[in-house]
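Enquirer: Provided herewith is a single structure, encoded as structure tokens, for subsequent inquiry.
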Ligand code: GLU
């Protein structure tokens, strides 16, 4: 016997009637993963048969989000709206063969009773349905437009799709699609249905769980690999329970047989943790252009700031960010003099003692030629010793508030080094005399 080994061909088939949902993004990622793992092809099909609800702005955003996630596709996308003639001709073929009939302008497919339609789902195993439970299927509506299940089969066959990975919400469509393949004398592809993504409370994913579209996460300052990594782990458990699984690595290790058959829960805290891991490891050359728009949106003058300076601020803060949108609020003191001041930290500035310390320290720092964090730290230590202070707290807290307005943040001496002597001294004196 001779088995013909077919090259894997998978597709992602978005409907451009809204933004890219996080669940659809996961579907796209898994199809892409499988294609790239198997050395096959990943195709796009635009399911825009609903001419009223489909909009080009949604399509543009979907394609942009897919690219942003790092997905690349092969061949030109196929648009269903350009193939109405093909679907109508195929419907006529079925009518001529006695498999479908007309009801006014509509065309319906005759479903034979007394049959079991069964297939081995790649995720859930054997699934079977009795044909009695399926009524005759409308394939062309009375307005002449084709229905989803019908176009789907014609196009998947046309594109030579070998595996269909999609959400569990399509489980009820699959037997209907299988009978169309049979009617055309075609072998159906393999199907795999991925359990839907729920919120941590078990409810359908919604805005209150942290957002439903890719675009919202992009805007929040999530890195694409972090989101992709997270979505990958919502459908597959990587070997040895690894949690950091960049898409490029997953391509090598992913096995379609290992896809999870339990419902996935979307945990925004876990995603934030992952994002922090990726931010921490990213080079400044990459992060600098990404944080600039957030600075500008926060009214901080990013345009005039040198990349090298932004890079130094990032060196201090990229270990402290869960999302890039958090950057301006944590770092405003590096970009303006009227930075925000934490209310709970004001007590560190209010005591007469703090003012005395700040003034004295400012004088010492003003005379420091090497304004490195080590040298600054030395000044603080010596000052504490001379004053017989058991701890540096009474001088560090006021100084931190004076230069940054915050009780928390990067290391004080590192911050001072980046701010530079002039600004540090001026701010400490300002606080001392307030
Ligand atoms: N347009 C359908 C959807 O977005 C595609 C389903 C399929 O993959 O067959 O759900």
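Numbering (our numbering), first residue to last: 2 to 435.
Ideal Cβ positions, reconstructed from N, Cα and C, are used throughout, including at glycine.
#1: When DSSP labels each residue in this structure, what does residue 74 get in the three-state scheme?
#2: Would you tell me roughly how many angstroms separate the C-alpha atoms of residue 287 and residue 304, rounded to the nearest one?
#3: Kindly provide the ranges of any alpha helix (DSSP H) runs that are 4 or more residues long and lie completely inside the stretch 227-293, ordered along the chain.
#4: DSSP state of residue 338, grouped into three classes?
#5: Assess, as a yes-or-no matter, whether the stretch 337-350 is touched by the stretch 402-411 under the definition of 3 or more beta carbon pairs within less than 8 Å.
#6: Could you give the residue range of the beta strand (DSSP E) that holds residue 8?
#7: Give the range of the beta strand (DSSP E) segment to which residue 121 is assigned.
#8: Identify, in the order they occur along the chain, each residue of the same chain with its Cβ nearer than 6 Å to the Cβ of residue 37, setting aside the five sequence neighbours on each side.
#9: Please report the straight-line C-alpha distance between residue 214 and residue 362, rounded to a whole angstrom.
#10: Starting from residue 328, trace the beta strand (DSSP E) in both directions and tell me its first and last residue.
#11: Let me make sure I understand the geometry here. Which of 138, 145, 212, 163 has the alpha-carbon closest to that of residue 177?
#12: So what does DSSP say about residue 63, is it helix, strand or coil?
#13: Whole angstroms is fine: what's the gap from residue 430's alpha carbon to residue 381's?
#14: Using the rule of at least 16 other Cβ atoms within 10 Å of the residue's Cβ for burial, across every protein chain shown, is residue 81 buried or exposed?
#15: Please state whether the Cβ-Cβ distance between residue 59 and residue 18 is less than 8 Å.
#16: Determine contact between the stretch 267-280 and the stretch 221-231, defined as no fewer than three beta-carbon pairs at a distance below 8 Å.
#17: Taking Cβ positions, are residue 295 and residue 222 nearer each other than 8 Å?
#18: Measuring CB to CB, does residue 367 end up less than 8 Å from residue 433?
#19: Here's a check: name, in chain order, each residue in its chain whose Cβ is nearer than 8 Å to the Cβ of residue 278, leaving out the five neighbours to either side.
#20: Taking 7 Å as the cut-off, does the CB of residue 15 come closer than this to any heavy atom belonging to the ligand GLU?
#21: Is it the case that the CB of residue 135 approaches a heavy atom of the ligand GLU more closely than 7 Å?
#22: So, are the CB atoms of residue 76 and residue 42 less than 8 Å apart?
Expert: The structure says:
#1: Taking the chain shown and counting its residues from 1, one reaches residue 74 at position 73. Of the three classes helix, strand and coil, the one that applies to residue 74 here is coil, per DSSP.
#2: What you label residue 287 is simply residue 286 of the chain shown in a count that begins at 1. What you label residue 304 is simply residue 303 of the chain shown in a count that begins at 1. So the two alpha carbons sit approximately 17 Å from each other.
#3: If we require 4 residues or more, the alpha helix (DSSP H) runs fully inside the stretch 227-293 come out as 248-254, 269-282.
#4: Taking the first residue of the chain shown as 1, we reach residue 338 at position 337. In this structure, residue 338 counts as coil in the three-state DSSP scheme.
#5: Judged by Cβ distances under 8 Å, the stretch 402-411 makes contact with the stretch 337-350, as three or more pairs qualify.
#6: For the purposes of this step, residue 8 is identified with residue 7 of the chain shown, where counting begins at 1. From DSSP, residue 8 is part of no beta strand (DSSP E); its letter is neither H nor E.
#7: Position 120 of the chain shown, counting from 1, holds the residue named residue 121. Unbroken beta strand (DSSP E) run through residue 121: 117-122.
#8: As a working mapping, residue 37 is identified with position 36 in the chain shown. Excluding positions up to five away in sequence, the list reads 252.
#9: Reading the chain shown from its first residue, position 213 is the one you call residue 214. Reading the chain shown from its first residue, position 361 is the one you call residue 362. Answer to the nearest angstrom: the Cα atoms are 51 Å apart.
#10: Residue 328 sits at position 327 when you count from the first residue of the chain shown. For residue 328, there is no enclosing beta strand (DSSP E); the enclosing alpha helix (DSSP H) has its first and last residue at 328-332.
#11: Here residue 177 corresponds to residue number 176 of the chain shown, with the count starting at 1. Of the candidates 138, 145, 212, 163, the one whose C-alpha sits nearest the C-alpha of residue 177 is 138.
#12: Residue 63 sits at position 62 when you count from the first residue of the chain shown. Note: residue 63 maps to helix in three-state DSSP.
#13: In the chain shown, residue 430 corresponds to position 429, counting from 1. In the chain shown, residue 381 corresponds to position 380, counting from 1. The straight-line gap from Cα to Cα measures roughly 16 Å.
#14: Position 80 of the chain shown holds residue 81. Classification of residue 81: buried, given that the 10 Å Cβ count is 16 or more.
#15: Along the chain shown, one-based indexing puts residue 59 at 58. Along the chain shown, one-based indexing puts residue 18 at 17. Taking 8 Å as the cut-off, the Cβ atoms of residue 59 and residue 18 count as close.
#16: Contact holds between the stretch 267-280 and the stretch 221-231, because three or more Cβ pairs, one in each stretch, are under 8 Å apart.
#17: Start at 1 with the first residue of the chain shown, and residue 295 comes out as number 294. Start at 1 with the first residue of the chain shown, and residue 222 comes out as number 221. Taking a C-beta distance under 8 Å as the contact criterion, residue 295 and residue 222 qualify as a contact pair.
#18: Along the chain shown, read from residue 1 onward, the residue named residue 367 stands at position 366. Along the chain shown, read from residue 1 onward, the residue named residue 433 stands at position 432. No.
#19: Here residue 278 corresponds to residue number 277 of the chain shown, with the count starting at 1. Excluding five sequence positions before and after residue 278, the CB atoms of its chain that fall closer than 8 Å to its own CB belong to 227, 245, given in chain order.
#20: The sequence position of residue 15 within the chain shown is 14, counting from 1. Result yes, Cβ under 7 Å from the ligand GLU.
#21: In the chain shown, the residue the question calls residue 135 occupies position 134. It does not: the Cβ of residue 135 is nowhere closer than 7 Å to a heavy atom of the ligand GLU.
#22: Along the chain shown, one-based indexing puts residue 76 at 75. Along the chain shown, one-based indexing puts residue 42 at 41. Yes; because the gap between Cβ atoms is below 8 Å, this pair is in contact.
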